[in-house]
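Student: If you count by our numbering, then the sequence shown holds residues 9 to 429, one letter each, in order. Idealized CB from N, CA, C, for every residue including glycine.
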Amino acid sequence: MDYYKELLGLIDEQERWRANCINMIASENVTSKAVQRAVASDFGHRYAEGLLGGEVNGVHIFERFYQGTRVFDRVEHLAMKLSKESFHAEHANVVPISGAVSNLVTYKALAKYGDKITGLSIPSGGHISHTKVSAAGFLSLQEVAYPFDNEEMNIDVDAAKKMVLEEKPKIMIFGGSLFLFPHPLREFREIADQIGASIMYDAAHVLGLIAGGKFQDPMTEGADVMTASTHKTFPGPQGGVILCKNKHKKRIDNAAFPGLMSNHHLHHVAGYAIALAEMKEYGKAYATQTIKNAKALASSLHELGFNVLCEHKGFTESHQVVADVSKIGGGTKIAEEFEKANIIINKNLLPWDNLEKTANPSGIRIGTQEMTKMGMKETDMKEIAGLMKKIAIDGMSPEKVKKDVIELRKNYQKVQYCFDQ
Ligand SMILES: *Cc1c(COP(=O)(O)O)cnc(C)c1O
């Protein structure tokens with residue numbers, strides 16, 4: 009009973025605290041009441057091992073192992089249908105329970121033990137699941153990093169083309185976690201065909217921007233597979249999804265089930281499908297405002313003296329703003345000071361940091377998607393930049409700034425861009 013009370017108290021504490029914070033972790037978001045309803049629904053108690061078998065003459069063929077999935081089959085069918093429409097894909101697999109698992113499924117489907125893969129190095133924005141310390145390690149995949157242009161904050165196309173022709177990877181990964189500008193993907197389609205490689209686009213961060221039609225459209229640009237998390241810029245519950253061309257459908261489906269999942273998370277699939285329906289209606293407005301807010305925050309921070317990356321390119325085309333704070337204490341100190349003021353962001357390695365700098369990297373990464381989802385606009389971003397300056401540049405005590413943070417956040421307590429706002 010004591011533990012029970014303590015835990016319920018902790019849930020209350022978390023919700024009270026984060027409702028009074030400026031939440032700007034670039035990989036987080038908040039969900040609508042309807043998505044929350046799905047996540048807490050009976051689907052979370054159930055099993056639906058197996059896959060939806062497809063459609064014959066308008067009748068769905070279900071390959072399930074347990075009884076009781078009649079209603080869920082319709083949910084999963086809608087999740088797949090809406091995914092294919094939203095991301096211009098021939099096939100969708102909604103089974104993966106996270107973004108990293110989506111990547112693991114894709115590796116299992118498209119590579120063999122010991123094969124080479126190419127992607128960004130972690131300081132340049134690659135995700136751990138692109139490397140052998142994480143998902144890529146299970147198949148002992150050998151990662152080779154693309155040459156990166158630190159000025160442009162993007163892959164150096166000419167040098168990377170040369171590298172890929174020499175290395176002949178089995179999978180070429182695009183997309184990443186530090187992600188300001190669309191990646192060159194079309195440029196690599198021909199080479200991929202030439203060397204027999206597949207192109208995997210990791211849309212974990214930018215899925216919501218893609219759904220809103222405001223970032224690149226990877227499946228149209230030539231990706232074989234697009235993997236993603238469903239909870240970063242895409243405002244769904246935590247989970248994963250894979251989109252692919254039909255020619256990879258069988259291998260992707262088999263790698264997901266029975267390959268890596270037995271049951272999947274039915275409540276996640278239901279919540280994700282609701283978020284897809286919301287994004288059909290509101291996605292464009294949400295993605296547009298998210299990017300506008302990122303640009304506004306970046307230029308305000310720049311004007312106030314922060315070393316924001318890529319001024320010459322308008323700072324960002326995504327939900328992210330990245331600043332080099334190595335001259336004002338480093339990423340760890342700034343992120344910790346911000347937290348004391350209820351501003352939640354993360355420290356981040358930058359392309360010129362080596363991995364030894366992981367404990368105190370040069371950068372901070374700020375995401376505008378969640379506060380946009382709560383209704384904030386450009387003027388709020390300007391105000392947030394001012395609060396950040398007070399702490400990081402003026403050296404004002406974060407505890408003092410916290411009062412202004414709570415005051416600002418008071419006006420934004422309802423999730424927007426959804427049917428039940
Ligand atoms: C976050 C992230 C992932 C992993 O997603 P999870 O849902 O946390 O497992 C994979 N790839 C990239 C690029 C990411 O940023």
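#1: Taking the straight line between their C-alpha atoms, what separation do you get for I392 and T298?
#2: With a threshold of 16 other CB atoms inside 10 Å of the CB of D261, please say whether the residue is buried or exposed.
#3: Name the DSSP bridge partner or partners of L59?
#4: Can you round the beta-carbon distance between K58 and R72 to whole angstroms, since I take them to be within the 8 Å contact cut?
#5: Going along the chain, which residues of its own chain have a beta-carbon closer than 6 Å to the beta-carbon of G338, five neighbours each way excluded?
#6: Drop a sphere of 10 angstroms on the beta-carbon of S206, count the other beta-carbons inside from all chains shown, and report buried for 16 or more, exposed for fewer.
#7: Closest to G279 by C-alpha separation, out of R194, A48, L215 and G204, would be which residue?
#8: Using the Cβ count rule (16 or more neighbours within 10 Å means buried), how would you classify E345?
#9: Evaluate K222 with the Cβ neighbour count: other Cβ atoms within 10 Å of its Cβ, from every protein chain shown; 16 or more gives buried, anything less gives exposed.
#10: By Cβ distance below 7 Å, which residues in the same chain neighbour S307 in space, the five residues on each side in sequence not counted?
#11: Got a sec: does ligand 1 put a non-hydrogen atom nearer than 7 Å to the Cβ of H213?
#12: Reducing DSSP to helix, strand and coil, say where Y290 ends up.
#13: Verify the contact flag: D123, CB atom, against every heavy atom of ligand 1, threshold strictly below 7 Å.
#14: Beta-carbon within less than 6 Å of K390's beta-carbon, same chain only, minus the 5 sequence neighbours each way: which residues are those?
#15: When the Cβ atoms of the segment 209-224 are set against those of the segment 72-90, are three or more pairs found closer than 8 Å?
#16: Quick test of your reading: A293 and Y425, contact by CB under 8 Å. State the CB separation rounded to the nearest angstrom.
#17: Going by C-alpha to C-alpha distance, which of F187, G127, D210 and E175 sits closest to I203?
#18: Determine the direct distance from the alpha carbon of V249 to that of A211, and round the result to whole angstroms.
#19: Please give the ranges of any alpha helix (DSSP H) in the segment 185-231, keeping only runs that are unbroken, at least 4 residues long and fully inside the region.
#20: Measure the alpha-carbon distance for I33 versus T238 and round it to whole angstroms.
#21: Going by beta carbon distance, what residues of the same chain come within less than 7 Å of Q225, once the five residues before and after it are set aside?
#22: Measuring only the C-alpha atoms, how far is V165 from H191?
#23: With 16 other CB atoms within 10 Å as the buried threshold, where does R417 fall?
#24: In the DSSP assignment, the alpha helix (DSSP H) including M396 goes from what residue to what residue?
#25: Taking 7 Å as the cut-off, is the CB of H135 close to at least one heavy atom of ligand 1?
#26: Only counting the same chain, and skipping five residues up and downstream in sequence, which positions put a Cβ closer than 7 Å to that of Y121?
#27: Who are the Cβ neighbours of M208 in its own chain at under 6 Å, not counting the five residues just before and after it?
#28: Provide the residue span of the alpha helix (DSSP H) that contains V165, from first to last.
#29: If you draw a straight line from the C-alpha of E160 to the C-alpha of E36, how long is it?
#30: List in chain order: all unbroken alpha helix (DSSP H) runs of 4+ residues lying wholly within the segment 319-374.
#31: Taking contact to mean at least 3 C-beta pairs separated by less than 8 Å, is the segment 352-366 in contact with the segment 125-141?
#32: Consult DSSP for V64 and reduce its assignment to one of helix, strand or coil.
#33: Answer yes or no: the CB of G107 versus the heavy atoms of ligand 1, is any distance below 7 Å?
#34: Cβ-heavy atom distance between N111 and ligand 1 below 7 Å?
#35: So, do the segment 309-329 and the segment 148-157 have three or more beta carbon pairs nearer to each other than 8 Å?
#36: Determine the direct distance from the alpha carbon of M269 to that of V430, and round the result to whole angstroms.
Tutor: Checking against the coordinates, here is how it stands:
#1: The residue you call residue 392 lines up with position 384 of the sequence shown. The residue you call residue 298 lines up with position 290 of the sequence shown. Distance between the alpha carbons of I392 and T298 is about 15 Å.
#2: Translated into the one-based positions of the sequence shown, residue 261 becomes position 253. So D261 counts as buried.
#3: Taking the sequence shown and counting its residues from 1, the one referred to as residue 59 is at position 51. DSSP output for L59 lists E71 as bridge partner(s).
#4: Taking the sequence shown and counting its residues from 1, one reaches residue 58 at position 50. Taking the sequence shown and counting its residues from 1, one reaches residue 72 at position 64. Sequence inspection shows Gly at residue 58; the Lys mentioned does not correspond to that position. Indeed they touch by this definition, with Cβ atoms about 4 Å apart.
#5: If you number the sequence shown from 1, residue 338 lands on position 330. Closer than 6 Å at the Cβ level, and outside the excluded window around G338, lie N368.
#6: Sequence index remark: in the sequence shown, residue 206 carries index 198 (1-based). Buried is the call here.
#7: Translated into positions along the sequence shown, residue 279 becomes position 271. Ranking R194, A48, L215 and G204 by Cα distance to G279 puts A48 first.
#8: The residue you call residue 345 lines up with position 337 of the sequence shown. When all chains shown are included, E345 counts as buried.
#9: Within the sequence shown, the letter at position 214 stands for residue 222. Buried, since its Cβ has 16 or more Cβ neighbours within 10 Å.
#10: Here residue 307 refers to the residue found at position 299 when the sequence shown is read from its first residue. If we look at S307 and ignore the five residues flanking it on each side, its Cβ neighbours are F323.
#11: Counted from its first residue, the sequence shown places residue 213 at position 205. Yes; taking the cut-off as 7 Å, the Cβ of H213 has a heavy atom of ligand 1 nearer than that.
#12: The residue labelled residue 290 in the question sits at position 282 within the sequence shown. It is helical.
#13: Along the sequence shown, one-based indexing puts residue 123 at 115. It does not: the Cβ of D123 is nowhere closer than 7 Å to a heavy atom of ligand 1.
#14: Here residue 390 refers to the residue found at position 382 of the sequence shown. Cβ within range, chain order: S308.
#15: no
#16: Along the sequence shown, read from residue 1 onward, the residue named residue 293 stands at position 285. Along the sequence shown, read from residue 1 onward, the residue named residue 425 stands at position 417. Indeed they touch by this definition, with Cβ atoms about 6 Å apart.
#17: Mapped onto the sequence shown, residue 203 falls at position 195. Selected option, being the one with the closest Cα: E175.
#18: Taking the sequence shown and counting its residues from 1, one reaches residue 211 at position 203. Taking the sequence shown and counting its residues from 1, one reaches residue 249 at position 241. About 10 Å.
#19: 194-203, 215-219 and 226-229
#20: The residue you call residue 33 lines up with position 25 of the sequence shown. The residue you call residue 238 lines up with position 230 of the sequence shown. Their Cα atoms are separated by approximately 15 Å.
#21: Against the sequence shown, residue 225 aligns to sequence position 217. The residue you asked about is not Gln; residue 225 is Asp in the sequence shown. Closer than 7 Å at Cβ, skipping near neighbours: H96 and I218.
#22: Counting from one through the sequence shown, the residue named residue 165 turns up at place 157. Counting from one through the sequence shown, the residue named residue 191 turns up at place 183. One C-alpha to the other measures close to 10 Å.
#23: Working through the sequence shown from its first residue, we reach residue 417 at position 409. R417 comes out buried.
#24: Working through the sequence shown from its first residue, we reach residue 396 at position 388. Segment E386 to A400, the alpha helix (DSSP H) holding M396.
#25: Here residue 135 refers to the residue found at position 127 of the sequence shown. H135: yes, Cβ under 7 Å from ligand 1.
#26: Stepping through the sequence shown from its first residue, residue 121 is reached at position 113. Excluding sequence neighbours, Y121 sits near L147 and S148.
#27: In the sequence shown, counting from the first residue as 1, residue 208 sits at position 200. Contacts found: T114, I179, I181 and V233.
#28: Residue mapping note: residue 165 aligns to position 157 of the sequence shown, counting from 1. From DSSP, the alpha helix (DSSP H) with V165 extends over V165 to E175.
#29: Within the sequence shown, numbered from 1, the residue matching residue 160 stands at position 152. Within the sequence shown, numbered from 1, the residue matching residue 36 stands at position 28. Taking the straight line from one Cα to the other gives about 26 Å.
#30: 339-348
#31: yes
#32: Reading the sequence shown from its first residue, position 56 is the one you call residue 64. Since pLDDT at V64 reaches only 46, below the 50 mark, its modelled position is unreliable, and no value is offered.
#33: The residue you call residue 107 lines up with position 99 of the sequence shown. Yes; taking the cut-off as 7 Å, the Cβ of G107 has a heavy atom of ligand 1 nearer than that.
#34: Looking up residue 111 in the sequence shown gives position 103. It does: the Cβ of N111 is within 7 Å (strictly closer) of some heavy atom of ligand 1.
#35: no
#36: Nothing about residue 430 can be reported from this structure: the residues present for the chain run from 9 to 429 only.
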